[in-house]
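Comments concern the structure below.
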Amino acid sequence: MNTTEHEKQADAHREAMERLWREYGEALKTYDMAKAAGDSALAAQLELVVAEKSNVMQAYMERHLESRAVLH
Numbered sequence: 001m002n003t004t005e006h007e008k009q010a011d012a013h014r015e016a017m018e019r020l021w022r023e024y025g026e027a028l029k030t031y032d033m034a035k036a037a038g039d040s041a042l043a044a045q046l047e048l049v050v051a052e053k054s055n056v057m058q059a060y061m062e063r064h065l066e067s068r069a070v071l072h
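Heads up: the sequence shown begins at 1 in the UniProt record's numbering, then just goes up one per residue.
Printed below as a string of structure tokens:
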């Protein structure tokens, strides 16, 4: 793989991780606001959203690490 291709892949990974972290942060913030407002039903739903965002991020990172291991 040439440097340009490697740089493109690194940029794509960085952009994906930034998006995943942003989505996770927004979900967590919304969950915290619902919890602070005393809306336990909404907080319970949002807790599932936060967990799902976390799982997606973890799966993405694991796939990225596996693909890097194959390349090296």
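Idealized CB from N, CA, C, for every residue including glycine.
Pairwise C-beta distances place the region 13 to 27 in contact with the region 52 to 67, as three or more of them are shorter than 8 Å. No Cβ-Cβ contact shorter than 8 Å links Leu46 with Tyr60. Restricted to the region 17 to 67, not a single alpha helix (DSSP H) segment is unbroken, complete and at least 4 residues in length.
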